[in-house]
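2 protein chains.
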Amino acid sequence: MSGNKPKAVVLLSGGLDSATVLAIAREQGYQTYALSVSYGQRHVAELAAARRVAKRLHAADHRLMEVNLAAVGGSALTDPSIAVPESANAQTASGIPITYVPARNTLFLSLALGWAEVLGAKDLFIGVNAVDYSGYPDCRPEFIRAFETLARLATKAGVEGARFRIHAPLIEASKADIILRGIALGVDFGETVSCYQADVEGRACGRCDSCHLRRSGFANAGLPDPTRYR
Amino acid sequence: MSGNKPKAVVLLSGGLDSATVLAIAREQGYQTYALSVSYGQRHVAELAAARRVAKRLHAADHRLMEVNLAAVGGSALTDPSIAVPESANAQTASGIPITYVPARNTLFLSLALGWAEVLGAKDLFIGVNAVDYSGYPDCRPEFIRAFETLARLATKAGVEGARFRIHAPLIEASKADIILRGIALGVDFGETVSCYQADVEGRACGRCDSCHLRRSGFANAGLPDPTRYR
Numbered sequence: 022m023s024g025n026k027p028k029a030v031v032l033l034s035g036g037l038d039s040a041t042v043l044a045i046a047r048e049q050g051y052q053t054y055a056l057s058v059s060y061g062q063r064h065v066a067e068l069a070a071a072r073r074v075a076k077r078l079h080a081a082d083h084r085l086m087e088v089n090l091a092a093v094g095g096s097a098l099t100d101p102s103i104a105v106p107e108s109a110n111a112q113t114a115s116g117i118p119i120t121y122v123p124a125r126n127t128l129f130l131s132l133a134l135g136w137a138e139v140l141g142a143k144d145l146f147i148g149v150n151a152v153d154y155s156g157y158p159d160c161r162p163e164f165i166r167a168f169e170t171l172a173r174l175a176t177k178a179g180v181e182g183a184r185f186r187i188h189a190p191l192i193e194a195s196k197a198d199i200i201l202r203g204i205a206l207g208v209d210f211g212e213t214v215s216c217y218q219a220d221v222e223g224r225a226c227g228r229c230d231s232c233h234l235r236r237s238g239f240a241n242a243g244l245p246d247p248t249r250y251r
Numbered sequence: 022m023s024g025n026k027p028k029a030v031v032l033l034s035g036g037l038d039s040a041t042v043l044a045i046a047r048e049q050g051y052q053t054y055a056l057s058v059s060y061g062q063r064h065v066a067e068l069a070a071a072r073r074v075a076k077r078l079h080a081a082d083h084r085l086m087e088v089n090l091a092a093v094g095g096s097a098l099t100d101p102s103i104a105v106p107e108s109a110n111a112q113t114a115s116g117i118p119i120t121y122v123p124a125r126n127t128l129f130l131s132l133a134l135g136w137a138e139v140l141g142a143k144d145l146f147i148g149v150n151a152v153d154y155s156g157y158p159d160c161r162p163e164f165i166r167a168f169e170t171l172a173r174l175a176t177k178a179g180v181e182g183a184r185f186r187i188h189a190p191l192i193e194a195s196k197a198d199i200i201l202r203g204i205a206l207g208v209d210f211g212e213t214v215s216c217y218q219a220d221v222e223g224r225a226c227g228r229c230d231s232c233h234l235r236r237s238g239f240a241n242a243g244l245p246d247p248t249r250y251r
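Line by line, the protein sequences are chains A and B.
The first sequence maps to residues 22 to 251 in the working numbering.
The second sequence maps to residues 22 to 251 in the working numbering.
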């Protein structure tokens with residue numbers, strides 16, 4: 022009975038990592054509530070991918086929240102005046118990729134936390150990764166722990182005794198590991214979209230950072246790349 | 022020269038408290054960047070009020086971010102199926118008002134933090150109050166401190182050494198104190214809207230929790246209430 026399973030909110034972008042996280046949450050026995058966030062990014066084709074992935078992996082519900090981060094800009098992913106980099110790992114002086122979106126995972130977890138409270142869920146899943154994206158501050162374990170502390174203090178549920186847990190099961194995994202784990206759990210990566218500038222049908226450019234990482238992940242896993250390139 | 026002043030992002034709802042906070046930030050020497058968040062709440066008239074207040078108090082910029090919290094519901098302020106209470110301080114069993122919006126201040130501060138990073142600002146102002154709204158978990162000092170810790174870990178700026186400060190100058194103030202302070206700093210409270218169910222012209226119902234609090238604030242301050250009631 023799915024009604025007896027604990028509920029978990031899973032952030033689902035429609036990319037490779039979050040699809041695997043959804044499959045992991047399901048395997049761990051959670052009834053999954055998938056949350057996609059549209060934030061004015063260029064890769065809107067990911068959202069259609071999220072819908073396919075949520076359906077295939079039997080999410081109990083899938084909601085879309087929209088936030089116009091473009092109103093403040095500041096990232097190649099939200100600001101039309103900043104070009105998406107095609108050289109592998111374009112970085113700022115401090116080593117942080119220019120595809121970093123200011124406070125993005127804080128925002129995503131805030132939205133997931135709000136929905137978790139409404140659902141009575143105490144478990145949140147997020148596909149952050151500290152290996153391939155080591156330059157993103159909000160992909161580090163210390164960030165995840167700080168958000169758990171905040172969640173307890175920020176919420177009615179926390180005041181009433183709930184201890185929220187932020188699960189980041191991929192945080193130490195390589196892209197190849199993630200791919201192998203996802204395939205074992207029934208993810209169809211042909212349905213996912215990782216490209217920062219996919220076309221409306223979800224076909225990848227093959228040139229951006231995200232495409233480079235994804236392609237080498239399949240190569241390192243010794244598997245054919247199911248990505249549709251344009 | 023405003024160009025030499027440090028920048029601060031100020032969350033501005035268009036209500037009485039946040040208008041006072043904007044005036045305080047300005048008085049403290051900050052160049053203010055006002056951020057209003059539209060989250061599917063019923064009191065959209067507050068946003069027009071925010072525009073008037075930002076203009077009168079010479080904010081350097083005023084942006085509007087929109088988030089469809091109604092997609093997950095859970096509060097009398099975002100869910101059309103939950104009635105706005107007209108008895109003073111309607112509460113849930115744990116003493117938290119049913120106007121509590123799950124994880125709202127976490128979300129607001131996340132959005133403010135993102136804009137602060139883009140601007141190069143390290144100071145965020147929020148009009149939370151632990152006196153009149155003591156039932157809201159995300160209005161407590163320990164929540165504010167936890168968010169400061171998170172902000173440092175979550176951001177590129179934090180990694181590069183920035184220490185974000187979350188200013189909550191009204192956290193211990195009574196409504197009457199807030200009103201007196203705002204008036205001293207040039208706030209025109211006739212321009213602000215506090216009512217949870219104001220009409221499109223910003224006229225207040227006079228019956229909801231927020232109207233009760235506001236009205237008694239003016240009474241306790243010994244001042245005429247400039248609120249336009251319908």
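Don't be surprised by glycine CBs; every beta carbon is placed ideally from N, CA and C.
Reference residue i; option with closest CA among the options
i: residue 133 of chain B; options: B:213, B:241, B:233, B:34; result: B:34
i: residue 87 of chain B; options: A:60, A:214, A:141; result: A:60
i: residue 77 of chain B; options: B:28, B:225, B:165, B:210; result: B:210
i: residue 180 of chain B; options: A:196, A:138, A:162, A:157; result: A:157
i: residue 176 of chain B; options: B:249, B:201, B:135; result: B:135
i: residue 93 of chain A; options: B:208, B:90, B:131; result: B:131
i: residue 206 of chain B; options: B:50, B:240, B:26, B:28; result: B:50
i: residue 53 of chain B; options: B:72, B:81, B:66; result: B:81
i: residue 251 of chain B; options: B:233, B:235, B:240, B:227; result: B:227
i: residue 195 of chain A; options: A:138, A:127, A:239; result: A:239
i: residue 138 of chain B; options: A:127, A:25, A:137, A:138; result: A:127
i: residue 48 of chain A; options: A:235, A:217, A:204; result: A:204
i: residue 200 of chain A; options: A:218, A:229, A:27, A:148; result: A:148
Proximal residues of chain C, C-beta to C-beta of residue i below 7 Å
i: residue 132 of chain B; result: The structure shown contains no chain C; its protein chains are A and B.
Same chain only: Cβ atoms within 6 Å of residue i, ignoring 5 sequence neighbours per side
i: residue 129 of chain A; result: 32, 58
i: residue 143 of chain A; result: 183, 185
i: residue 46 of chain A; result: 29, 31, 53, 146
i: residue 165 of chain B; result: 187, 189
Inter-residue CB distance, residue i and residue j (contact presumed, cutoff 8 Å)
i: residue 215 of chain B; j: residue 237 of chain B; result: Between residue 237 of chain B and residue 215 of chain B the Cβ distance is about 12 Å, and since that is not below 8 Å, they are no contact.
i: residue 74 of chain A; j: residue 213 of chain A; result: 6 Å
i: residue 83 of chain B; j: residue 44 of chain B; result: The pair is not a contact, with the Cβ atoms about 14 Å apart (cut-off 8 Å).
i: residue 187 of chain B; j: residue 145 of chain B; result: 5 Å
i: residue 225 of chain A; j: residue 249 of chain A; result: 7 Å
i: residue 122 of chain A; j: residue 85 of chain A; result: Their Cβ separation, rounded to whole angstroms, is 18 Å, which puts residue 122 of chain A and residue 85 of chain A out of contact at 8 Å.
i: residue 168 of chain A; j: residue 171 of chain B; result: 6 Å
i: residue 66 of chain B; j: residue 220 of chain B; result: 7 Å
First through last residue of the beta strand (DSSP E) which encompasses residue i
i: residue 44 of chain A; result: Where residue 44 of chain A is concerned, there is no enclosing beta strand (DSSP E), although the alpha helix (DSSP H) it sits in stretches over 37-48.
i: residue 29 of chain A; result: 28-32
i: residue 82 of chain B; result: 82-87
i: residue 186 of chain A; result: 186-188
Unbroken alpha helix (DSSP H) run spanning residue i, endpoints
i: residue 57 of chain A; result: No alpha helix (DSSP H) holds residue 57 of chain A; the beta strand (DSSP E) holding it covers 52-59.
i: residue 200 of chain A; result: 196-205
i: residue 67 of chain A; result: 66-77
i: residue 177 of chain A; result: 177-180
i: residue 140 of chain A; result: 125-140
i: residue 144 of chain B; result: Unbroken run through residue 144 of chain B is the beta strand (DSSP E), 144-146; no alpha helix (DSSP H).
i: residue 230 of chain B; result: 230-242
Own chain partners of residue i with C-beta closer than 7 Å, once the 5 adjacent residues on each side are dropped
i: residue 125 of chain A; result: 159
i: residue 173 of chain B; result: 179, 184, 185
i: residue 70 of chain B; result: 35, 212, 213, 214, 223
i: residue 161 of chain B; result: 151
Contact set for residue i: own chain, Cβ-Cβ below 8 Å, skip 5 residues either direction
i: residue 27 of chain A; result: 50, 51, 52, 142, 143, 144
Query raised in the report: Does the segment 27-41 of chain B touch the segment 235-246 of chain A, meaning 3 or more C-beta pairs lie closer than 8 Å?
Result: no
Report task. Spell out a yes or no on whether the segment 151-167 of chain A and the segment 182-196 of chain A are touching, meaning 3 or more CB-CB pairs, one atom from each, closer than 8 Å. Result -> yes
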